[in-house]
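*Asks:*
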Amino acid sequence: MKRFSLVLVSILIAGGINLGSQTPALSQDAAAFYKGKTVTFIVPYSAGGGYDFYARFMAPHLEKHTGCTIVIKNKPGGGGVVGANVVYRAKPDGRTIGILNMTGAIPAQIAGAKGIDFDLTKFNWMARLNDEPQVFVVGAKSKYNSWNDILQSKETIKLSSTGTVGSTYLDLLVLKLVFDIKTFDIITGFSGTSDADLSVIRGELEGTASSVSSKIKKIEEGDFKPLLIIADEKVKGLENVPLIYDFPMSAEGKKIADTYIGMMAVARAMMMTPGVPADRVAFMREAFKKTLTDADLVQKAEKMDRPVAWMDGEKVLKFIERSFTEAPPLFVNELKQIMK
Amino acid sequence: MIEALWDGLVLVFSWPAIGYMSIGVLFGLFMGFTPGIGGPVTLALVLPFSFSLDEVSAVAFLLGTHSVVVTGGSVSAILFGVPGAGPNAATIIDGFPLAQRGEAGRAIGAALTASALGGLFGTVVLACIIPVLRPVVLVFGPPEFFMLAILGVVFLATLSGDEPLKGVIAGLLGLMISLIGEELIVGTKRYTFDLVYLWDGIKLVPAVIGLFAIAEMVDLLVKGGSIAKPEKQAALSSPWTGMVDVFKHWGLFVRSCILGVIIGIIPGLGGDVACFLAYGQAAQTAKKGEVEYGKGNIGGVIAPEAANNAKEGGALVPTIAFGIPGSGSMAILLGALLIVGITPGAALLNEKLDITFAMVWTLAIANLGGAAIMMLMAKRLAKITFLEGSVLAPIIISVCFIGAYMTTNSMGDIIVAIVLGVIGYEMKRLNFSRAALLLGLVLGRIVEQNLFLSIRIFGADFIYRPIAMVLVVLSVLVMGWSFLKPVLQRRNEKHAG
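What follows is the structure, given as structure tokens:
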């Protein structure tokens, strides 16, 4: 009954108030600036999606740590481009933040895709939300049982994928380039990863790839056999699955793998408009750090298969810059093909 | 099993779960009635409030909210031609003409009854097929999706009565509009003119708002008067008449429910398709002497509403059994279930069967309760259609723009609504079927995508898969019948004469 009325009250006042500011004396000016102000959190995807969830999940904590009111605004379009442009062009007063899927944004900028007004290296990066190690899987009844089986196969291997700009396609493309696999036949056009997954579960296609977090349940339930992890360190729950670097690859192949894994290391990250005063950037970074290292929040997120793994914004920028300087020409050309 | 069924009911009616469900139902109805705010947005808004609740309360709260959004939306669809939520788009086609005839009360009654009973139907099916879920879901692949969509396209020909060519032209226009945007297969951007907004294609809600609501309001202002002619006010139709209509069209109702459930169970087709397929099916099976579809046939309200709510029961199936959401709202629900400690999968069907049935009961009770609340208000709401157009239209047009803008929070949405408003007004004037255009718009992408996937996966032989073959035969029969029917009718008339 008590909880009932509590929820009722919070619905009535529509989540707008701050439950006492607990701001440390990191920067008095910035703290004074944010107190009582509204900050717009741009989600460049539709309400109800994964990024929208994360934003709404973090918002109350950010409010607690900054004393400001967070207003979430969905700006879907162009696979995140529309929303990222909005954050980039916002007034540089630190009252606009955003979240972005880097595995889409970095390749798009590398390829010089149309519609992009932003430069990823110029954003003020707040924090990494999580990394997304990727996994290659085949169906439970597939005759392939190891990555070596795949490498040695003489037959065509049909794989299911979302559209060419999705990370599923990039995963498969990277594997194809890194190991110079001639037998991959990547079938694009599924609406999302769960549709691509179902095609493999139905036995129509041999396998697919995408983030570990989207596959782990189906691996545990025996729908998929995991054959390879695209990351540079072991993944919890899949310790027996080999890593991409466990297999021989050419020098150019290794460069592609390095670049791609670098992108995956900062798969989801939050940013602020370029040119915001340094004290406000530092203040907001601190708020993100406190939010994403809160044990209760991390545990709740894990429970929902929505992992959280904080990394500082300055380090995020290093990863982003690296992917632009290190991307080998072969990879860049392939990306230009896709993003044309 | 019986025991779990009972335990589930007790759980739902225990305090505070029933209180949360009531709040959810009221909020869901309100958000549904407000144009442009669909199920996923509503659920995203209430989601944070569920985190601190216990399992049963959270389920009752979220499912209660979710299951009545479309119920609320059907009322604004009928009264103003504005879809409260995406799936209500099909309801407008005949619902709004009914309101114009002064039968808004009857149409609302029929819509509410069909959606409540459709929801019950879907729930019962859900409860029955829980044991054989997996094989049912896995039987449908791209070839079957493709043929289901083709069956929908075949219905096009029947949507424009005695001028089939106009129906085909409108349908093709819809198909062309559906091709705008980035296609999924190789990522080519078609007809986007370097506008980022167009990359994602033309969205259904602003399109429907333009085609129907804006076009109708312009028409109302041009002609003057009110939505319904004032002389009909004396005989203000009662929602209870509409309720009786559903029972009079029992066969149509059941067919629509079955279609809805099937499309809900198989993930990958999307909810809007269910309503439009059901609508097409209703128009196809219309009997001689009935009011023409698109001109205010009560069947055109019953079919999509029944299919939509039946579908939601079905959509819960893959969500709780596999953790693969059957619709956008289900994806959000899935996240919420996990956070309150309910993990979809085998455990939910074995150890926590009472919770599963609590979900089933919530769906059923919320559907009935939501419909009952709206039913009591229907007669008063219907009076709005007798307001002078010069008072009503400006209000509705502003609400339309807000509703359209909610789709992606971009000016592009408003431009789409205006452009399609102009097209819609001209189509209405020249007697082209706007329903056919919508069907083309909804199905175009699905046809293309699944044809491509089918050929890439199975080669041209995909068509010989058993279910696909059945659907081929059905499509041929439907097409043959729509050409034969007028011929036979003419001959019968000759004989009679």
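As they're listed, the protein sequences go chains A and B.
Going by numbering that gives the first Met the number 0, the first residue of the first sequence is number 0, and it counts up by one from there.
Going by numbering that gives the first Met the number 0, the first residue of the second sequence is number 0, and it counts up by one from there.
Backbone N, C-alpha and C fix where the C-beta goes; we use that ideal spot for every residue, glycine too.
1) Does the stretch 159 to 171 of chain A touch the stretch 178 to 196 of chain B, meaning 3 or more C-beta pairs lie closer than 8 Å?
2) Using a Cβ-Cβ cut-off of less than 8 Å, list which residues of the stretch 186 to 204 of chain A approach chain B; keep chain order.
3) Go to Phe40(A), then tell me how far its alpha helix (DSSP H) extends in each direction, as first and last residue.
4) Using the C-alpha atoms, what's the distance from Lys378(B) back to Tyr424(B)?
5) Check the Cβ-Cβ distances between Ile16(A) and every residue of chain B, and say whether any is below 8 Å.
6) Assuming the contact rule is C-beta atoms closer than 8 Å, Ile255(A) and Leu176(A) should be a hit. Round their C-beta distance to whole Å, please.
7) For chain A, is any of its Cβ atoms less than 8 Å away from the one on Asn366(B)?
8) I'd like to know if Val81(A) contacts chain B, where contact means its C-beta is closer than 8 Å to some C-beta of that chain.
9) Could you check whether the stretch 113 to 122 of chain A touches the stretch 196 to 214 of chain A, counting it as contact only if at least three pairs of C-beta atoms, one from each stretch, sit closer than 8 Å?
10) By how many angstroms is the C-alpha of Phe52(A) removed from the C-alpha of Asp53(B)?
11) How would you label Glu313(A), buried or exposed, when you count the other beta carbons within 10 angstroms and need 16 or more for buried?
12) Is it right to say Thr191(B) is buried, meaning 16 or more other beta carbons lie within 10 angstroms of its own, or is it exposed?
13) Just reading off the alpha helix (DSSP H) that Ala89(B) is part of, what are its end residues?
14) Among Leu316(A), Asn332(A), Phe282(A) and Phe323(A), which residue has its Cα nearest to the Cα of Leu61(A)?
15) Strictly under 8 Å for the Cβ-Cβ distance: is Val164(A) near chain B by that measure?
16) Counting only Cβ pairs nearer than 9 Å, list the residues of chain A close to Ile498(B).
17) At least one CB of chain B closer than 8 Å to the CB of Asn73(A): is that the case?
18) Check whether the Cβ of Leu334(A) lies closer than 8 Å to any Cβ atom in chain B.
19) Which residue marks the beginning of the beta strand (DSSP E) containing Gly97(A), and which one marks its end?
20) Would the stretch 235 to 249 of chain A count as touching the stretch 61 to 81 of chain A if we require 3 or more Cβ pairs under 8 Å?
21) Rounded to the nearest angstrom, what separates Asp116(A) and Asp257(A) at their Cα positions?
22) Among Ser166(A), Met262(A), Leu226(A) and Gly97(A), which residue has its Cα nearest to the Cα of Met57(A)?
23) In this structure, how does DSSP classify Ala530(B) when only helix, strand and coil are distinguished?
24) Within the continuous alpha helix (DSSP H) that includes Thr290(A), where are the two ends?
25) What would DSSP say about Glu54(B), mapped onto helix, strand or coil?
26) Can you pull the chain B residues whose beta carbon is under 7 Å from the beta carbon of Gly76(A), in chain order?
27) Drop a sphere of 10 angstroms on the beta-carbon of His494(B), count the other beta-carbons inside from all chains shown, and report buried for 16 or more, exposed for fewer.
28) Is the Cβ of Arg55(A) closer than 8 Å to any Cβ of chain B?
29) Closer than 8 Å by C-beta to Ser409(B): which residues in its own chain qualify, once you throw out the five before and the five after it? Chain order, please.
30) Against chain B, with Cβ distances strictly below 8 Å, would Thr22(A) count as a contact?
31) Alpha carbon to alpha carbon, how far is Ala59(B) from Ile264(B)? Give it in angstroms, no decimals.
32) Looking at Thr39(A) and Arg88(A), is the spacing between their C-beta atoms short of 8 Å?
33) Can you give, in chain order, each stretch of the alpha helix (DSSP H) that sits fully within the stretch 254 to 291 of chain B and has at least 4 residues?
34) CB-CB under 8 Å to Arg489(B), same chain, minus the five flanking residues each way: which ones, in chain order?
35) Go through its chain and collect everything with a Cβ distance to Asp196(A)'s Cβ below 7 Å, but skip five positions before and after it.
36) List the residues of chain A whose Cβ lies closer than 7 Å to the Cβ of Val55(B), in chain order.
*Replies:* Quick answer:
1) Contact check between the stretch 178 to 196 of chain B and the stretch 159 to 171 of chain A: three or more CB pairs, one atom from each, fall below 8 Å, which counts as touching.
2) With the criterion set as a beta carbon lying under 8 Å from some beta carbon of chain B, the members of the stretch 186 to 204 of chain A are Ile186, Thr187, Gly188, Phe189, Ser190, Ser193, Asp194, Asp196, Leu197, Ser198, Ile200, Arg201, Glu203 and Leu204, in sequence order.
3) What you label residue 40(A) is simply residue 41 of the first sequence in a count that begins at 1. Where Phe40(A) is concerned, there is no enclosing alpha helix (DSSP H), although the beta strand (DSSP E) it sits in stretches over Thr37 to Val42.
4) Position 425 of the second sequence, counted from the start, is the residue given in the question as residue 424(B). Position 379 of the second sequence, counted from the start, is the residue given in the question as residue 378(B). As the crow flies, the alpha-carbon of Tyr424(B) is around 29 Å from that of Lys378(B).
5) Taking the first residue of the first sequence as position 1, residue 16(A) is located at position 17. In this prediction, Ile16(A) has a pLDDT of 41, which is less than 50 and means its spatial position is unreliable; what the coordinates show is noted afterwards. In terms of beta-carbon proximity, Ile16(A) stays away from the interface with chain B, with every pair separated by 8 Å or more.
6) Taking the first sequence and counting its residues from 1, the one referred to as residue 255(A) is at position 256. Taking the first sequence and counting its residues from 1, the one referred to as residue 176(A) is at position 177. With a Cβ gap of about 5 Å, Ile255(A) and Leu176(A) count as contacting.
7) Looking up residue 366(B) in the second sequence gives position 367. When Cβ-Cβ separations below 8 Å define contact, Asn366(B) makes no contact with chain A.
8) What you label residue 81(A) is simply residue 82 of the first sequence in a count that begins at 1. Interface residue, yes.
9) Contact between the stretch 113 to 122 of chain A and the stretch 196 to 214 of chain A is absent, with fewer than three C-beta pairs closer than 8 Å.
10) Translated into positions along the second sequence, residue 53(B) becomes position 54. Translated into positions along the first sequence, residue 52(A) becomes position 53. Cα to Cα, the separation comes out at about 20 Å.
11) Numbered from its first residue, the first sequence carries residue 313(A) at position 314. Result: exposed.
12) For the purposes of this step, residue 191(B) is identified with residue 192 of the second sequence, where counting begins at 1. The residue in question, Thr191(B), is buried, as its Cβ has 16 or more Cβ neighbours within 10 Å.
13) As a working note, residue 89(B) is residue 90 in the second sequence. From DSSP, the alpha helix (DSSP H) with Ala89(B) extends over Ala88 to Gln99.
14) Along the first sequence, read from residue 1 onward, the residue named residue 61(A) stands at position 62. Nearest C-alpha to Leu61(A): Phe282(A).
15) In the first sequence, residue 164(A) corresponds to position 165, counting from 1. Yes, contact with chain B.
16) Since the first residue of chain B shown is 0 and the last is 496, residue 498(B) is not available in this structure.
17) On the first sequence, position 74 is the one that residue 73(A) refers to. Closer than 8 Å: yes.
18) Numbered from 1 along the first sequence, position 335 holds the residue referred to as residue 334(A). No, its Cβ sits nowhere closer than 8 Å to a Cβ of chain B.
19) Along the first sequence, one-based indexing puts residue 97(A) at 98. Counting along the chain, the beta strand (DSSP E) containing Gly97(A) begins and ends at Thr95 to Asn100.
20) Not touching, per the Cβ criterion.
21) What you label residue 116(A) is simply residue 117 of the first sequence in a count that begins at 1. What you label residue 257(A) is simply residue 258 of the first sequence in a count that begins at 1. Those two C-alpha atoms are separated by around 27 Å.
22) If you number the first sequence from 1, residue 57(A) lands on position 58. Here the closest residue by C-alpha is Gly97(A).
23) An answer regarding residue 530(B) cannot be provided, because it is not within the stretch 0 to 496 covered by chain B.
24) The residue you call residue 290(A) lines up with position 291 of the first sequence. Looking at the DSSP string, the run of the alpha helix (DSSP H) that includes Thr290(A) is Ala277 to Leu291.
25) Mapped onto the second sequence, residue 54(B) falls at position 55. Assignment of Glu54(B) by DSSP, reduced to helix, strand and coil, places it in the helix class.
26) What you label residue 76(A) is simply residue 77 of the first sequence in a count that begins at 1. Here the neighbours are Val195, Tyr196, Trp198, Asp199, Thr407 and Ser409.
27) As a working note, residue 494(B) is residue 495 in the second sequence. Burial is judged here by how many other beta carbons sit within 10 angstroms of a residue's own beta carbon; His494(B) has fewer than 16 and is exposed.
28) Here residue 55(A) refers to the residue found at position 56 of the first sequence. Closer than 8 Å to some Cβ of chain B, the Cβ of Arg55(A) qualifies, so yes.
29) To locate residue 409(B), count along the second sequence from 1; it is residue 410. Exclusion of the five residues before and after Ser409(B) leaves Tyr196 as the residues of its chain whose Cβ lies within less than 8 Å of its Cβ.
30) As a position in the first sequence, residue 22(A) is number 23, starting the count at 1. Because the pLDDT at Thr22(A) is just 42, under 50, the model does not fix this residue reliably, and the point stays unresolved.
31) Position 265 of the second sequence, counted from the first residue, corresponds to residue 264(B). Position 60 of the second sequence, counted from the first residue, corresponds to residue 59(B). Approximately 21 Å between the Cα atoms of the pair.
32) The count along the first sequence starts at 1 and reaches residue 88(A) at position 89. The count along the first sequence starts at 1 and reaches residue 39(A) at position 40. Taking 8 Å as the cut-off, the Cβ atoms of Arg88(A) and Thr39(A) do not count as close.
33) List check, alpha helix (DSSP H) in window: 270 to 283.
34) Here residue 489(B) is taken as the residue at index 490 of the second sequence, counted from 1. Same-chain partners within the cutoff: there are none.
35) Taking the first sequence and counting its residues from 1, one reaches residue 196(A) at position 197. Same-chain partners within the cutoff: Thr207 and Lys217.
36) Locating residue 55(B) in the second sequence gives position 56, where the first residue counts as 1. Residues of chain A passing the Cβ test: none, with the nearest at roughly 13 Å.
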